[in-house]
Amino acid sequence: MNETIREFETRDPARELAREVLIHGPIARGELGRRLGLSPASLTRLSRPFLDHGILVEGQERQDGAVGRPVKPLDVRVDAQRMLGVKITGEYVFGVVTDLRATVGASATTRLAGHGVDDVLDGIQNLIDDLDAHDVAAIGASIGGKVTGSSLVVRAPFLDWHDVALGTAIEERFGRPATVENDVVALTTAEQWFGHARGIDNFSVITIGAGVGYGLVVHGRQVITSDTGLGLGGHFPLDNTGPLCVDGHRGCSSAMLSIGSMCSSAGVGLGRSVEYDELLALAAEGNAVARQVVDTSARALGRLIAASANLAMVDIVVLSGEGIGLLEVADGVVRAAVEADRDPDALPVQIRRTDADFTSWARGAAAVAIQSGFGLIPSAAALR
Numbered sequence: 054m055n056e057t058i059r060e061f062e063t064r065d066p067a068r069e070l071a072r073e074v075l076i077h078g079p080i081a082r083g084e085l086g087r088r089l090g091l092s093p094a095s096l097t098r099l100s101r102p103f104l105d106h107g108i109l110v111e112g113q114e115r116q117d118g119a120v121g122r123p124v125k126p127l128d129v130r131v132d133a134q135r136m137l138g139v140k141i142t143g144e145y146v147f148g149v150v151t152d153l154r155a156t157v158g159a160s161a162t163t164r165l166a167g168h169g170v171d172d173v174l175d176g177i178q179n180l181i182d183d184l185d186a187h188d189v190a191a192i193g194a195s196i197g198g199k200v201t202g203s204s205l206v207v208r209a210p211f212l213d214w215h216d217v218a219l220g221t222a223i224e225e226r227f228g229r230p231a232t233v234e235n236d237v238v239a240l241t242t243a244e245q246w247f248g249h250a251r252g253i254d255n256f257s258v259i260t261i262g263a264g265v266g267y268g269l270v271v272h273g274r275q276v277i278t279s280d281t282g283l284g285l286g287g288h289f290p291l292d293n294t295g296p297l298c299v300d301g302h303r304g305c306s307s308a309m310l311s312i313g314s315m316c317s318s319a320g321v322g323l324g325r326s327v328e329y330d331e332l333l334a335l336a337a338e339g340n341a342v343a344r345q346v347v348d349t350s351a352r353a354l355g356r357l358i359a360a361s362a363n364l365a366m367v368d369i370v371v372l373s374g375e376g377i378g379l380l381e382v383a384d385g386v387v388r389a390a391v392e393a394d395r396d397p398d399a400l401p402v403q404i405r406r407t408d409a410d411f412t413s414w415a416r417g418a419a420a421v422a423i424q425s426g427f428g429l430i431p432s433a434a435a436l437r
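When you line the sequence shown up against our numbering, it's residues 54 to 437, in that order.
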């Protein structure tokens with residue numbers, strides 16, 4: 054019971070069946086057979102071991118519109134295992150416990166004592182204790198930075214890490230399989246498999262918060278390259294009159310949309326420091342300085358959404374991150390900016406927003422642990 058879904062992609066029909074049910078279930082056998090190119094007899098043969106061992110279950114009987122007879126769809130027994138997902142920042146570790154569809158059962162937060170690997174491991178231990186998560190099957194960890202091999206953190210600026218084997222450290226400390234991934238990749242995985250873009254083959258993800266992140270799924274596959282995790286989406290030019298980012302780019306996406314930059318711009322106009330929630334509240338109340346800052350950033354967000362839709366040829370954009378409260382206060386400004394940069398004959402862009410807290414990030418970490426599938430679906434031969 055220690056194989057991963059990545060191993061399933063070696064064209065083992067039984068594992069492909071189980072993976073398809075995980076993502077799309079409950080699903081009728083006929084539809085499943087069409088997706089996988091399997092005959093009814095093959096489908097019955099391949100699914101039987103998973104049913105016998107309680108990995109797959111038959112759902113409530115329903116009418117099949119295609120053949121007009123009652124059928125029992127297949128689904129994954131989502132409570133078969135629990136997963137721990139953790140999102141690591143420069144100050145905190147946020148954790149969630151989920152089922153096998155990344156449904157959050159409980160969440161917790163712990164402050165880091167420092168930026169060392171042991172500090173992060175201690176933070177994860179605190180989460181395990183707080184969440185009573187000693188029985189989880191696997192641990193997923195997401196981090197802002199470049200990650201390779203689902204384990205090695207090549208670069209994590211918020212922690213000042215370089216070449217840290219975090220996955221190995223987690224496995225050695227907790228005795229559980231661990232998957233480490235870039236936070237935007239993990240979040241995009243959660244939205245594709247279990248979230249706002251489930252069943253959608255082409256969409257993008259934009260996150261705003263401490264920085265700006267970008268994810269893309271095309272033809273059902275997330276676009277991941279050697280540059281993933283370098284934050285390239287954070288420096289897309291949006292406003293040539295805007296402020297400078299820390300790298301000296303004027304009006305790039307980070308300069309216009311990061312929480313720190315928005316608060317800094319507002320602080321200059323207000324003559325005092327201001328937190329993000331207060332900035333949004335002031336804008337909603339009609340404060341002229343706050344309103345100008347928020348609307349300027351909202352127009353930039355609309356331009357970024359339109360650019361993503363236009364260049365990647367997608368019409369669904371998922372917005373996430375702790376900064377998306379901007380959309381609540383300036384939704385009309387955002388959508389007007391999208392329309393201004395979008396061909397009138399193009400499909401309207403659907404904007405789908407997630408929750409604005411760190412739970413979504415931690416849920417993404419759980420999703421990559423599920424995707425890796427540690428202990429989830431053994432081979433059919435192992436079940437016989």
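For each residue, glycine too, the CB sits at the ideal point set by N, CA and C.
Note that the coordinates shown come from a computational prediction; the quantities given were computed from them, not determined experimentally.
I need the boundaries of the beta strand (DSSP E) containing residue i, first residue and last residue.
i	result
F256	256 to 261
H77	Where H77 is concerned, there is no enclosing beta strand (DSSP E), although the alpha helix (DSSP H) it sits in stretches over 66 to 77.
V421	No beta strand (DSSP E) holds V421; the alpha helix (DSSP H) holding it covers 412 to 425.
L137	136 to 141
D216	214 to 218
S195	191 to 196
I404	403 to 406
Just how far apart, CA to CA, sit residue i and residue j?
i	j	result
T57	A166	Bear in mind that a pLDDT of 35 at T57, under 50, signals an unreliable position, so the model cannot answer this.
E69	W246	15 angstroms
P431	V327	Below a pLDDT of 50, predicted positions are generally treated as unreliable, and P431, at 43, falls in that range; no measurement from the model is reported.
D105	V74	16 angstroms
G268	A250	12 angstroms
A422	V237	14 angstroms
V347	D410	19 angstroms
D128	P79	4 angstroms
M309	F147	26 angstroms
F103	A71	8 angstroms
D183	V157	15 angstroms
E451	D188	Since the first residue shown for the chain is 54 and the last is 437, residue 451 is missing from the structure and cannot be characterised.
A133	A239	22 angstroms
T281	A319	32 angstroms
A435	I177	Any answer about A435 is weak, because its pLDDT of 47 lies below 50 and its placement is not dependable; what the coordinates show is given next. Taking the straight line joining both Cα atoms gives about 33 angstroms.
S361	I404	12 angstroms
S160	T142	16 angstroms
A341	P397	32 angstroms
L323	L333	13 angstroms
E375	V299	20 angstroms
L205	R229	16 angstroms
G168	V217	For the sequence presented, residue 168 should be read as His rather than Gly. C-alpha separation (whole angstroms): 12 angstroms.
E244	V276	14 angstroms
Of all the options the options, which has the alpha carbon lying nearest to the alpha carbon of residue i?
i	options	result
D222	D188, F247, L174, A190	It should be noted that the sequence gives Ala, not Asp, for residue 222. Answer by Cα proximity: L174.
G264	I253, V276, C305	C305
F256	R406, I80, P79, P93	R406
A186	V271, Y329, G138, G282	G138
K140	L99, L89, R87, F211	F211
P66	L285, P93, L99	L99
G107	P123, L96, V131, S92	V131
G198	V189, A337, P397, W214	W214
G273	V217, G262, G252, G287	G252
P126	E84, G385, L379	E84
I76	Y145, A94, L91, R154	R154
D408	G248, R352, N179, G266	G248
How would you write the range of the alpha helix (DSSP H) that residue i sits in, first residue to last?
i	result
I181	170 to 184
G385	378 to 393
D236	236 to 247
R101	93 to 105
F452	A question about residue 452 goes unanswered here, because the residues of the chain that appear run from 54 up to 437.
I358	341 to 365
R87	82 to 89
L332	329 to 338
A319	312 to 323
Answer with buried or exposed for residue i, where buried requires no fewer than 16 other C-beta atoms within 10 angstroms of its C-beta.
i	result
A419	buried
T278	exposed
Q150	In the sequence on display, residue 150 carries Val and not Gln. So V150 ends up on the buried side.
L297	exposed
S413	buried
G287	buried
P401	exposed
P123	exposed
E338	exposed
D254	exposed
M366	exposed
V321	exposed
L380	buried
Q424	buried
R164	exposed
R344	buried
Worksheet item: Are three or more beta carbon pairs between the stretch 389 to 403 and the stretch 105 to 113 nearer than 8 angstroms?
Response: no
Worksheet item: Is the stretch 192 to 208 touching the stretch 229 to 249, taking contact as three or more C-beta pairs under 8 angstroms?
Response: yes
Worksheet item: Is there contact between the stretch 353 to 365 and the stretch 287 to 294, where contact requires at least three CB pairs shorter than 8 angstroms?
Response: yes
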